[in-house]
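Trainee: Residue numbers (this note's numbering): 71 to 206.
No residue lacks a Cβ here, since even glycine has one placed at the ideal position from N, Cα and C.
1. Tell me the DSSP secondary structure of residue 145 in three-state form.
2. On the criterion of 16 or more Cβ atoms from any shown chain inside 10 Å, does residue 163 qualify as buried, or is it exposed?
3. So if DSSP puts residue 181 in a beta bridge, which residue, or which two residues, is it bridged to?
4. Rounded to a whole number of angstroms, what is the C-alpha to C-alpha distance between residue 135 and residue 102?
5. With a CB to CB cut of under 6 Å and the five nearest residues on each side skipped, what residues in its chain are close to residue 122?
6. Smallest Cα separation from residue 128: which of 181, 186 and 168?
7. Within its chain, find whatever has a CB closer than 6 Å to the CB of residue 130; leave out the 5 residues flanking it on each side and keep chain order.
Shown next as C-alpha cells:
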C-alpha cells in the first residue's frame, strides 16, 4: 500500500511540475505571442475581393465596385475605372485607373466586409476611413 501511495504522489508531482513561464503581470508570455501570431495571420485565398463597397473617404461619398480584374469607382458622382492589383501578400490592393482619377489608390483588407483607405505608400493615415460591403 505504501508503494502505491508513493508511486501516485510521484506521478502527481511529475504532472504538476511542468515548465512554467515567468512573466510580470500585464506582459505576454512567449506562448501567448505565438498563439496570437498563429491566429492573426490572414490567408489571402480567403479574401473575397469582388463586390460593391461604399463609404465616405476624404469627405467624398465613394462607391467601389470590384469585378474580376476590373474596378469602377464613383466619387461624388465622378466615375473612374481601370484595373486593380494585389500588393504584397494580397491583404492590400492598388487601383490603377485608366479613365478618371481617384483620391485613394491603395486599400487595405480589414475583414470580408471592409476595406481601409490607405496612403499611397500603403501605410495607414492618421484618420482611418472605411468602405463597407453592400449587397449587390
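Mentor: Checking against the coordinates, here is how it stands:
1. Secondary structure at residue 145: strand, using DSSP grouped into helix, strand and coil.
2. buried
3. 184
4. 39 Å
5. 135, 204 and 206
6. Considering only alpha carbons, the answer is 186.
7. Contacts found: 145 and 146.
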